[in-house]
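These notes concern the structure reproduced below.
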Amino acid sequence: MSINSAAYIAISGMLATQVQMEVASANISNADTVGYTDKTAQQVAVVSGGAGAGTAISDISSTVDKALLSSLVGSNSGLGAANISNNYLDQLQSLFGSVSGSDGSGTSLGNTLASLESAVSSLAGSPGSASLQANAVGALNDALSQLNETSSGIQTLRNNANQDIATSVNDVNTQLQLIGNLNVQIQQATATNQPTGDLQDQRNTALEDVASQMDVSYFTTSSGSLQVYTSSGQALVDSSVHQLSYTPAANVSASTSYSATPPSGFSGIMLNGMDITSQIQSGNIGALVTLRDTTLPNTQSQLDQLADQLKDSVNAVSNQGASVPPPASLTGTAAVTAATPLSASGTARIAVTDQSGNLVSYQDLNLSNYATVGDLVTAMNGISGVSASINSSGNVVIASTNTSNGIAINEMSSSVGANGQGLSDWLGLNDLVTGTGASDIAVRGDILNNPSLLQTSTLDASASPAVGSQVLSAGSATVANNLYDTLTGSTTFSDVGGLGSASTSFADYAANIVGGVAANASQASSDYTNKQTAQSYFSDTMSSESGVNLDQETARLSSLQNQYTASAELIQVLNQMFSSLMTAIQTATA
Numbered sequence: 037m038s039i040n041s042a043a044y045i046a047i048s049g050m051l052a053t054q055v056q057m058e059v060a061s062a063n064i065s066n067a068d069t070v071g072y073t074d075k076t077a078q079q080v081a082v083v084s085g086g087a088g089a090g091t092a093i094s095d096i097s098s099t100v101d102k103a104l105l106s107s108l109v110g111s112n113s114g115l116g117a118a119n120i121s122n123n124y125l126d127q128l129q130s131l132f133g134s135v136s137g138s139d140g141s142g143t144s145l146g147n148t149l150a151s152l153e154s155a156v157s158s159l160a161g162s163p164g165s166a167s168l169q170a171n172a173v174g175a176l177n178d179a180l181s182q183l184n185e186t187s188s189g190i191q192t193l194r195n196n197a198n199q200d201i202a203t204s205v206n207d208v209n210t211q212l213q214l215i216g217n218l219n220v221q222i223q224q225a226t227a228t229n230q231p232t233g234d235l236q237d238q239r240n241t242a243l244e245d246v247a248s249q250m251d252v253s254y255f256t257t258s259s260g261s262l263q264v265y266t267s268s269g270q271a272l273v274d275s276s277v278h279q280l281s282y283t284p285a286a287n288v289s290a291s292t293s294y295s296a297t298p299p300s301g302f303s304g305i306m307l308n309g310m311d312i313t314s315q316i317q318s319g320n321i322g323a324l325v326t327l328r329d330t331t332l333p334n335t336q337s338q339l340d341q342l343a344d345q346l347k348d349s350v351n352a353v354s355n356q357g358a359s360v361p362p363p364a365s366l367t368g369t370a371a372v373t374a375a376t377p378l379s380a381s382g383t384a385r386i387a388v389t390d391q392s393g394n395l396v397s398y399q400d401l402n403l404s405n406y407a408t409v410g411d412l413v414t415a416m417n418g419i420s421g422v423s424a425s426i427n428s429s430g431n432v433v434i435a436s437t438n439t440s441n442g443i444a445i446n447e448m449s450s451s452v453g454a455n456g457q458g459l460s461d462w463l464g465l466n467d468l469v470t471g472t473g474a475s476d477i478a479v480r481g482d483i484l485n486n487p488s489l490l491q492t493s494t495l496d497a498s499a500s501p502a503v504g505s506q507v508l509s510a511g512s513a514t515v516a517n518n519l520y521d522t523l524t525g526s527t528t529f530s531d532v533g534g535l536g537s538a539s540t541s542f543a544d545y546a547a548n549i550v551g552g553v554a555a556n557a558s559q560a561s562s563d564y565t566n567k568q569t570a571q572s573y574f575s576d577t578m579s580s581e582s583g584v585n586l587d588q589e590t591a592r593l594s595s596l597q598n599q600y601t602a603s604a605e606l607i608q609v610l611n612q613m614f615s616s617l618m619t620a621i622q623t624a625t626a
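Residue numbers (the numbering used here): 37 to 626.
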């Protein structure tokens with residue numbers, strides 16, 4: 037072997053070792069980089085004319101277990117969904133307050149309704165007490181305000197999910213574009229025999245990010261291009277990048293919903309002009325859609341049922357009563373017209389009294405005599421000292437013609453409509469609670485401002501009361517007792533939002549709602565822990581098999597440094613030999 041050949045072999049070995057050292061150093065410096073895999077510079081022998089001519093680096097590669105990567109990608113989708121559900125359900129649980137506090141009271145909705153029961157019970161013992169009336173109205177307002185706040189909180193969470201979907205869609209699009217760009221770079225590098233390991237790491241990391249947002253399927257083509265699809269087979273990345281689109285709703289309320297058939301409050305998640313919302317079952321987006329469209333609306337529907345039943349039950353009792361002194365006018369809450377049919381029977385008493393509750397005038401109306409609400413209003417107008425009308429909002433108004441006097445009603449045996457409501461209840465003349473659901477249920481404004489208007493008295497229903505006799509008494513406990521019985525007795529609640537039907541008190545039904553939310557939050561926390569464990573296992577296994585082992589890389593780098601030093605020393609020896617040879621030639625020719 038000539039000195040030149042030996043020198044070339046030594047130099048090629050030193051250069052190959054230098055590349056290997058650079059790869060080992062890169063491995064060490066990127067040991068903590070997420071998604072980085074251990075790289076190896078593949079060294080091959082160079083043969084020329086059947087004889088060894090040195091060494092070269094043929095490729096810088098890494099080995100990634102495809103089955104393990106698939107498991108990791110799938111676990112990322114599951115973990116993304118579990119993380120979102122755990123986070124949101126924990127926030128939902130906090131909206132309902134605590135079941136018990138340091139003083140044993142608690143701030144949950146069930147506790148607040150129990151406090152209302154206690155306030156009404158105290159009022160029944162002394163219904164004429166102004167302070168106890170104020171306490172009862174305040175306790176009712178606290179309960180209804182908590183329903184408002186909880187409902188508002190649920191819609192805030194739905195709006196957050198709505199906005200988070202938009203953020204997640206943007207993140208998916210960013211990662212899909214990155215995968216598309218890396219596909220091009222990897223194909224170009226492969227065509228020119230350049231290393232692709234780092235590019236593949238970046239692409240795998242982008243794939244994992246997409247999977248954390250939505251469930252996907254994928255495969256790598258023979259040309260090295262990664263193709264990504266939705267779980268139902270819609271292309272996200274093939275020969276080009278197909279991006280998602282989603283326009284978040286500007287405002288979200290309990291009535292805002294998503295429907296695959298427009299019009300809809302929430303737009304669909306679109307891909308190539310197709311709505312794929314229902315196809316996304318996992319990842320952040322899958323969990324956010326489920327929370328926005330199912331989980332949170334279910335809880336809202338439970339609250340709405342509680343609010344509606346509470347309003348109807350409380351108003352049925354308050355319309356049996358009257359306040360002392362009586363108001364100069366009563367305005368109904370039901371929307372009617374003069375032509376509205378009046379399907380009614382039984383008798384109702386309309387009376388005018390002075391401020392002390394002494395009778396001025398009255399009339400018992402046989403409701404079966406009136407075919408329409410207009411007929412009824414006409415009859416009321418015929419009562420001495422009474423003016424009745426239907427206002428521009430479609431509400432019946434009954435007023436005393438002498439503003440010094442007031443109006444009182446006793447429903448007596450009246451039965452109106454299919455549900456057999458008393459006349460005052462059917463018209464909403466003495467409602468205590470207003471609203472159409474948990475979002476706006478409230479104590480009637482004038483009563484909230486002046487609790488003395490609370491209907492704690494009952495108009496005397498005895499036959500032929502004498503003018504001047506007392507027909508209203510502030511000391512009657514009938515209405516307060518009825519209200520307490522209504523709150524604590526059994527009310528029938530239907531199966532709604534995943535909460536089964538029940539016949540129970542309002543406080544207990546509220547406790548059932550809170551208990552259901554707590555159970556869901558606990559399950560979400562457990563699922564998150566399990567998914568986190570599974571994802572950590574696959575991630576750790578991937579790191580163990582494909583990640584950087586610092587001890588091995590450090591030892592390899594040390595060995596390569598020794599190898600590089602040996603090659604350098606060999607070149608130095610060859611230089612000395614060449615120098616000696618040149619000196620010998622010069623001496624021989626001198």
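All residues carry an ideal CB built from backbone N, CA and C; glycine is no exception.
As assigned by DSSP and simplified to three states, the class of residue i
i, result
"VAL469", "strand"
"THR292", "coil"
"TYR398", "strand"
"ALA513", "coil"
"GLY536", "coil"
"ILE305", "coil"
"ALA375", "coil"
"GLY525", "coil"
"THR241", "helix"
"ARG385", "strand"
"PHE132", "coil"
"GLY551", "helix"
"LEU650", "Residue 650 lies beyond the residue range present for the chain, which begins at 37 and ends at 626; the question has no answer from this structure."
"ALA560", "helix"
"SER451", "strand"
"LEU613", "The sequence shown places Met at residue 613, rather than the Leu named in the question. MET613: helix per DSSP, three-state reduction."
"ILE222", "helix"
"SER429", "coil"
"GLN634", "A query on residue 634 cannot be resolved here, the shown segment of the chain reaching from 37 to 626 and no further."
"TYR254", "strand"
"GLY442", "strand"
Contacts around residue i, its chain only, beta-carbon distance under 8 Å, and the 5 residues preceding and following it disregarded
i, result
"GLY678", "Because residue 678 is not part of the residues shown, which for the chain are 37 to 626, the question remains open."
"ILE201", "TYR282, PRO284, ILE305, ILE321, LEU324, VAL325 and ARG328"
"LEU378", "LEU403, TYR406, ALA407, THR408, VAL409, ASP411, LEU412 and VAL452"
"SER144", "PHE132, GLY133, SER134, VAL135, ALA546, ALA547 and VAL550"
Residue closest to residue i, alpha-carbon to alpha-carbon, out of the options
i, options, result
"MET306", "LEU342, LEU262 and ASN206", "ASN206"
"VAL532", "THR408, GLN336, GLN608 and TYR406", "GLN336"
"ALA197", "SER261, THR226 and TYR294", "TYR294"
"GLN512", "ALA155, LEU159 and ASN119", "Just to set this straight, residue 512 is Ser in the shown sequence, not Gln. Ranking the options by Cα distance to SER512, first place goes to LEU159."
"THR376", "LYS102, MET448 and TRP462", "TRP462"
"ILE477", "ALA497, GLY309 and LYS347", "LYS347"
"ASP251", "SER498, VAL156, LEU366 and THR266", "THR266"
"GLY269", "LYS102, ASN308 and GLY382", "ASN308"
Residues near residue i by beta carbon distance below 6 Å, same chain, minus five either side
i, result
"PHE574", "SER107, LEU108 and SER111"
"ASP560", "The residue you asked about is not Asp; residue 560 is Ala in the sequence shown. Cβ within range, chain order: SER121, ASN122 and LEU125."
"ASN394", "GLY504 and GLN506"
"ILE549", "GLN338"
"THR522", "SER349 and VAL353"
"SER615", "none"
"ALA627", "For the chain, the structure presents residues 37 to 626; residue 627 sits outside this window and is missing."
Residue i classed as buried or exposed, judged by whether at least 16 other C-beta atoms fall within 10 angstroms
i, result
"GLN341", "buried"
"THR373", "exposed"
"THR601", "exposed"
"GLN356", "buried"
"GLY116", "buried"
"ASN119", "buried"
"GLY473", "buried"
"ALA227", "exposed"
"ILE190", "buried"
"ASP482", "exposed"
"THR330", "exposed"
"MET618", "exposed"
Contact set for residue i: own chain, Cβ-Cβ below 7 Å, skip 5 residues either direction
i, result
"THR369", "ASN431, GLY464, ASP467 and THR470"
"SER537", "PHE529, SER530 and ASP531"
**Prompt:** Do the segment 167 to 186 and the segment 257 to 274 meet, that is, are 3 or more Cβ pairs less than 8 Å apart?
**Reply:** no
**Request:** Report yes or no: do the segment 122 to 130 and the segment 502 to 520 share at least 3 C-beta pairs separated by less than 8 Å?
**Result:** no
**Prompt:** Just checking, does the segment 437 to 450 make contact with the segment 381 to 394 on the three C-beta pairs under 8 Å criterion?
**Reply:** yes
**Prompt:** Is the segment 420 to 427 touching the segment 341 to 351 in the sense that three or more CB pairs, one from each, lie closer than 8 Å?
**Reply:** no
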